[in-house]
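Protein chains in written order, with this note's numbering: chain A, 1 to 375; chain B, 1001 to 1399.
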């Protein structure tokens, strides 16, 4: 049994997704037809036996709360344990609510949650990585290593958004982390840190409670860096395929990568560790008399009467007869009317594409339309 | 005592022998329908959408899978502290114990459940039909008529009326006569097996019926005729909308095919994705379906986690089904976990759970002029094997 508390950061502290996150957290970005990004860290924790999970939210978290509700889909609607939403504490008198600037701020604001629960360890993670991991193995490897902290990393080579910084780690042959580099470019010989850490709850609390005395301000730059310097940080390589969403291009690429069977099976093929998500009671997918569909993922509730190639189609999307949709991601409730032609687009929720509209981007520059627009 | 205005009692113990082999190991209400649903989702969702949150489900035949499916009623919003969904199996008592002898006896044995909620009205349902119905509208009618019992009826074609229980009514809708499968029907009002009783009258007649040793303890055969003979206020509530009996393999197949149609706001059609009247169901964690490079899909409905790379025409495919490149499926129902291998043909057939149809095997034949074929749960049909039109493969030895 895993004796650890889970903490999920729902905002991207170092990703830029502009339009996609204009009105939602990174954690609530829709993915692969029926999921949202939070489903991956949340399912990973729940499937590994973590029963107390804190979800740290900052702003625009209405859609995330709708999605998770009481956590029933993850079997986390339990009597004594389960999910806790951790929104920012704001005082009535201050004009600006006291909103966290970084992960350490967010953790420091939630020391009461960390103090209240009695698990020995804490596993912290963000919401911008998409993968399926048995965290019990990660947990056991951490305990066996005797390290103070273990960080998860991947060797996957992402196309990075050059405008954002990522965390990289260099390890020695024993797996000990020797160096941490925060940069826009991947240094040779370094691996991507997934910003997923395990350490003792008491140790984390102590760090947070003494932060005014010690002057630490950043989880990565002060806390993690210090542990690496002291030779107390171990590394653990993520199993299976890892995807990272740090830009609209990465979003479209990672989405279309789901059309390859090995990628799909790596995320969704493990019967013991299903990725779970919010239930909608949509009707099953329907195909009309003249539908033509190839190489696509189609969610329930969708009605397809036109042509769909190389696409990710979300719930309750309607593609009318005579419409053609290719190489695109079409989110919930969007309507593609007859004669329309869509190529390399990311269409957000509840959009109406009128008759005969032609919209096209390119793989490196997807055309994005924001939710509820009418074209 | 806290009370509920109306609770429902759902008769779910039927064997469904005419649906064999689909009902070999599961009760009829648990038989899958329309890519993701079970038959019982329809009456339960109707309850949820009508504001009836307390339902006693009477089980008897092969209840394991049904009980698992119902759980604590969460999918229908019935996991309540007061009320909610309750499974009511037959039980032992200090003085004798019995299976449910008939529909009326099943309710009689659970009078104490009804009394616990002290409702003014009791809705009696069965798990045999596919329909979407607002029971609340029927209840309002019952109250307006100051009725003792209201029976939902649907107009059927006159030539088919002799297959149903027919209600003859006066101009105000009051039932004057009830005829079970009449040779010369006088009306086209067929009973849907949906009743609302005022609770005191229901309990009175159930107790009297139980005392009558000659009774077969059945609502249609005993309770309704007795109440009519006593001059109780009994009304017909005419339901307009989609309603199908799925008691035979043929009618079950036809109702499934109705779900494929794409009606736009036609009340007489089966609309499954109406946001105002959702049909709720228990979910598994199925990922979305993947449609492959060689797939050809038309006029079909497909469930989650499927991998479709063959040709599917006018068919219902459930969750976790694999249709390989070069396989062909037409006019068929393929249930959870089935694998249709390359080159296999399935036509006018029902393929039950976890069946494997081997390479180049063939099941059934053209619907026109042919009979339906069935391959029962768990059977692996070897490569090249042929199952003739109308043949039902139910035994493992058939492999």
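Glycine included, each C-beta is placed from N, C-alpha and C at the ideal position.
- Of all C-beta pairs linking the segment 1318 to 1327 of chain B to the segment 1339 to 1350 of chain B, three or more are shorter than 8 Å, placing the two stretches in contact.
- Its chain contains 1056 as the residues whose beta carbon lies nearer than 6 Å to that of residue 1086/B, once the 5 sequence neighbours on both sides are disregarded; these appear in chain order.
- Under the three-pair Cβ rule at 8 Å, the segment 1351 to 1365 of chain B does not count as touching the segment 1302 to 1309 of chain B.
- Taken atom to atom, the span from the alpha-carbon of residue 163/A to that of residue 1243/B is near 59 Å.
- For residue 1272/B, the residues of chain A that pass the 8 Å Cβ criterion are 283 and 284, in the order they occur in the chain.
- Taken through DSSP and simplified to helix, strand or coil, residue 35/A comes out as strand.
- As DSSP reads the structure, residue 1189/B sits in a beta bridge with 1155/B.
- With contacts defined as CB atoms closer than 8 Å, residue 253/A and residue 34/A fail to qualify as a contacting pair.
- Here residue 20/A has 29 as same chain residues with Cβ atoms under 6 Å from its own Cβ, once five neighbours each way along the sequence are excluded.
- At a beta-carbon threshold of 7 Å, none of the residues of chain A lie near residue 1252/B; the nearest stands roughly 17 Å away.
- For residue 1065/B, same chain residues with a beta-carbon under 8 Å away, outside a window of 5 residues either side, are 1025, 1026, 1027 and 1030 in chain order.
- In the three-state DSSP reduction, residue 180/A falls in the strand class (E or B).
- Against chain B, the beta carbon of residue 34/A has neighbours under 7 Å at 1288, listed in chain order.
- The DSSP-derived three-state label of residue 1323/B is strand.
- If you check each beta-carbon in the segment 1029 to 1044 of chain B against every beta-carbon of chain A, the ones closer than 9 Å belong to 1034, 1035, 1036 and 1037.
- For residue 1074/B, the nearest CB of chain A lies under 8 Å from its own CB, placing it at the interface with that chain.
- For residue 1285/B, the nearest CB of chain A lies under 8 Å from its own CB, placing it at the interface with that chain.
- Judged by DSSP secondary structure, residue 249/A falls within the alpha helix (DSSP H) whose first and last residues are 248 to 257.
- Contact between the segment 1065 to 1084 of chain B and the segment 359 to 370 of chain A is not established, with fewer than three Cβ pairs separated by less than 8 Å.
- Excluding its 5 nearest sequence neighbours in each direction, residue 1168/B has C-beta neighbours in its own chain below 8 Å: 1175, 1176, 1177, 1178, 1179, 1186, 1187 and 1189, listed in chain order.
- Residues of the segment 1151 to 1179 of chain B with a C-beta atom less than 9 Å from some C-beta of chain A do not occur.
- Between residue 54/A and residue 10/A, the CB-CB gap reaches or exceeds 8 Å.
- No Cβ-Cβ contact shorter than 8 Å links residue 38/A with residue 76/A.
- One finds 287, 291 and 293 in chain A with Cβ atoms closer than 7 Å to the Cβ of residue 1297/B, taken in chain order.
- Here the alpha carbons of residue 319/A and residue 359/A stand approximately 15 Å from one another.
- Per DSSP, residue 87/A has no beta bridge partner at all.
- Residue state for residue 1255/B is assigned as helix, using DSSP reduced to three classes.
- Interface criterion not met: the Cβ of residue 1130/B is under 8 Å from no Cβ in chain A.
- Among the CB atoms of chain A, none fall inside 8 Å of the CB of residue 1244/B.
- Sixteen is the threshold: when 16 or more other Cβ atoms of the shown chains lie within 10 Å of the Cβ of residue 180/A, as they do, the residue is buried.
- Taking C-alpha positions only, residue 1232/B is separated from residue 1109/B by approximately 23 Å.
- In terms of Cα proximity to residue 169/A, the closest of 129/A, 225/A, 127/A and 207/A is 225/A.
- Sixteen is the threshold: when 16 or more other Cβ atoms of the shown chains lie within 10 Å of the Cβ of residue 300/A, as they do, the residue is buried.
- At a cut-off of 8 Å, the C-beta of residue 1342/B has no neighbouring C-beta in chain A.
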